[in-house]
Every structure is written in C-alpha cells, then in structure tokens.
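Colleague: Residue 195 in our numbering sits at position 177 of the sequence shown; the count goes up by one each step and never skips. Idealized CB from N, CA, C, for every residue including glycine.
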Amino acid sequence: MRKVRSPLFYVGDKYKLMPQLNKIMPDYIDTFFDVFTGGGSASMGVKANKYVMNDIDYNVIQLHKYLMTQLKSPTYFLNKMYQLIKYYGLTCSAENELPENFTEIKKTYKKTYYARLNKIGYLKLRNDFNSNQDNMDLLYLLLVFGFNHMTRFNRAGKFNLPVGNVDWNKNVNEALTNYSKFSNSNQIILHNLDFEQFILSQRIKKDDFLYFDPPYLITFSEYNKLWDNNTEKRLYNLLDTLNDRGIRWGLSNVLTHKGKKNNILWEWIHEHNFYVYPIKSNYISHFDNTVKEDTKEVFIMNIPKTRRELP
19 MRKVRSPLFY VGDKYKLMPQ LNKIMPDYID TFFDVFTGGG SASMGVKANK YVMNDIDYNV
79 IQLHKYLMTQ LKSPTYFLNK MYQLIKYYGL TCSAENELPE NFTEIKKTYK KTYYARLNKI
139 GYLKLRNDFN SNQDNMDLLY LLLVFGFNHM TRFNRAGKFN LPVGNVDWNK NVNEALTNYS
199 KFSNSNQIIL HNLDFEQFIL SQRIKKDDFL YFDPPYLITF SEYNKLWDNN TEKRLYNLLD
259 TLNDRGIRWG LSNVLTHKGK KNNILWEWIH EHNFYVYPIK SNYISHFDNT VKEDTKEVFI
319 MNIPKTRREL P
C-alpha cells in the first residue's frame with residue numbers, strides 16, 4: 019500500500035515507514051488492533067477486514083470521532099473550514115488565499131513567515147476555543163495551524179500551544195481525502211483506554227494482529243511525559259502474556275537515540291526469541307529539524323515474516 023498520512027499530523031506517526039512495515043506484517047489480517055493509534059496513519063496504511071483503534075489521549079480520540087463524522091460529507095466540511103479560515107484571517111495556500119506581499123514576507127522571514135502572518139488570527143482562534151471547548155471545528159483548526167500540529171493543554175485545561183509556521187495547504191486536503199476514503203469504506207471502532215485495559219477488554223482471534231507503537235522511552239516528546247520505566251516494563255509483560263496465548267503482535271521502538279540506549283528493551287529482546295527487523299527511519303528531531311542517524315529503530319514481532327516481497 020502507498021504512504022498515506024493522517025490529517026491529525028501526529029508527531030512520530032508511521033506513515034513514512036508503513037511500506038517497510040507492510041513487508042514484515044502478516045499477509046492476512048482480520049482485525050487490526052492499533053493499540054497506540056495516535057493519528058491513525060498505521061491503520062490507514064494496513065490492509066485488514068476491520069480496525070480497532072485505541073489511544074489514551076481523550077482529545078485524539080475525540081478528533082478521530084469528529085473527523086469520521088464530518089468527512090461523510092467532505093465537500094461540506096472543507097467549505098466550512100475555508101469559511102473559518104477566512105473569518106480568522108489565516109492563510110490557505112490550498113486555495114491560494116495569501117496576502118499580496120506574501121513573497122516579500124517569505125523572503126524576509128524565511129523560517130517564520132506563516133507564523134508571522136497567522137499569529138494574530140491564531141491567538142483569537144485559541145481564545146475562542148478556550149471559551150467553548152466543545153467546538154471541535156476550532157480544535158481541528160488549532161491542530162492544523164499550531165506548532166508541530168500538536169494538541170497541548172495547561173494545568174488549568176486551556177489549550178496553550180503557540181502558532182506554528184504552517185498553513186492550510188494541499189497536504190492537509192490530501193490527508194483529509196485519504197482519511198475520508200479510509201473511514202467511509204471500513205469498519206472502525208474507537209477506544210479511549212490505557213493500553214493494558216484496552217487489550218484486556220478485547221476478544222482477540224488467531225487471524226487478528228496487534229500493532230504497538232508506544233511512546234519511546236529514550237526520546238523526548240510532549241506525548242512521552244506519561245511514559246516511564248515502569249510503563250515500559252508493563253508493556254513488555256503484556257506482550258509476553260499475549261505471546262503465551264498465541265496472539266500475533268508487532269512492536270515499533272528504538273534501541274538507541276542520541277547516545278542513549280533503551281536497556282530495558284535490549285534486555286527483553288535478549289531474553290526472548292522474537293524476530294527483530296531493523297527499520298530505516300531517518301528519525302528527524304522536531305526541535306532542530308535534523309536527521310538523527312544514530313537512532314536505531316526496530317520492528318519486533320513474535321512471529322516470523324511471512325509476507326512475500328512485492329515487485
């Protein structure tokens with residue numbers, strides 16, 4: 019399957035890696051369990067009869083529900099978004115809605131031109147959403163125009179992410195189109211649970227496949243704050259239990275990153291006869307936008323690779 023990216027533009031999503039992972043995952047999957055779904059790019063990039071997508075982040079699952087409902091009528095949804103973009107004075111290169119002096123601004127502020135153009139409108143958008151957090155239209159716009167396409171709330175429950183150097187471009191429209199095709203043509207169930215609670219609540223059959231893409235213990239991300247050594251060990255204990263039950267699963271993770279080594283993962287791998295496949299990831303830091311070549315990403319399965327190589 020070709021690379022398709024989720025319109026949630028989730029940090030660390032696997033859309034660029036799915037062609038590699040698809041060559042390793044089983045040929046036939048009845049139900050694909052996406053245990054740490056994030057933006058859902060893994061589910062969108064795998065062929066299965068059914069999809070069960072879970073994430074502990076309430077806002078992520080609410081955004082999935084929102085998009086699945088809204089994109090039953092993609093044209094109506096896009097027109098509504100375009101009206102909101104115009105109302106807040108944000109840029110929309112997908113529709114060539116840019117100021118007359120855009121080229122000049124881009125030359126002057128090479129790395130921050132969209133942020134400068136959108137800052138005032140974005141702050142009004144953010145204030146309006148924080149006054150009415152039930153408005154999912156505004157939350158999705160904040161995700162598109164916010165820094166690194168993230169959702170972040172402070173302790174008071176207010177959305178507090180700054181504006182990003184991004185706009186509503188053709189990539190957003192393409193991602194929404196792909197998501198619409200995926201959600202409208204497949205049977206999908208969403209859950210908002212801790213990964214262990216989620217697995218224990220499911221009836222898993224022999225032809226199903228569980229995909230785990232947890233927060234990486236040795237990398238830094240806003241989404242890694244709730245992940246620690248104990249959570250990492252709890253995940254591996256769960257995978258051991260699933261393996262003992264004969265349930266097929268795959269795990270994405272990194273062995274080393276920026277001089278750090280995931281010792282818990284190394285020890286767990288050496289204690290088992292699981293299948294470990296190196297993945298070419300070109301891990302990019304979202305802070306300095308540089309490729310981290312010392313990062314060793316792997317895909318681990320408890321079953322051998324059976325998928326035939328496609329031409």
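1) Apply the 10 Å Cβ neighbour rule to G264 and answer buried if 16 or more other Cβ atoms are within range, or exposed otherwise.
2) Please name the residue or residues paired with P296 in a DSSP beta bridge.
3) Within the segment 58-82, note down every full beta strand (DSSP E) run reaching 3 residues or more, in order along the chain.
4) Count Cβ pairs between the segment 195-208 and the segment 58-77 that sit closer than 8 Å; are there 3 or more?
5) When the Cα atoms are used, what is the spatial distance from P233 to S111?
6) When you compare each of L253, S201, N281 and K279 to G268 by their alpha carbons, which one comes out closest?
7) Can you check DSSP and say which residues form a bridge with Y229?
8) Around the C-beta of L218, are 16 or more other C-beta atoms found within 10 angstroms, so that it is buried, or is it exposed?
9) Considering only DSSP beta bridges, list what K176 is partnered with.
10) So, F227 versus F54, is the Cβ gap smaller than 8 Å?
11) Taking 8 Å as the threshold, find out whether the segment 113-127 comes into contact with the segment 141-160 through three or more Cβ pairs.
12) Taking the Cβ atom as the reference point for each residue, do G57 and D31 lie within a distance shorter than 8 Å?
13) Helix, strand or coil for S303, going by three-state DSSP, please let me know.
Modeller: Straight from the coordinates:
1) In this structure G264 is exposed. Its beta-carbon is surrounded by fewer than 16 other beta-carbon atoms within 10 angstroms.
2) DSSP output for P296 lists V316 as bridge partner(s).
3) Counting only runs of 3 or more, we get 68-72.
4) Contact between the segment 195-208 and the segment 58-77 is present: 3 or more CB-CB pairs across the two stretches fall below 8 Å.
5) Their Cα atoms are separated by approximately 33 Å.
6) Closest option to G268, Cα to Cα, is L253.
7) According to the DSSP secondary-structure assignment, Y229 is paired through a beta bridge with D52 and G268.
8) L218 should be labelled exposed.
9) K176 is not bridged to any residue.
10) Between F227 and F54, the C-beta spacing is not below 8 Å.
11) These segments do not touch.
12) Against a cut-off of 8 Å, the Cβ pair of D31 and G57 comes out as a contact.
13) Note that S303 scores 48 on pLDDT, short of 50, meaning its location in the model is unreliable; the coordinates nonetheless yield the value given after this. Coil, per DSSP.
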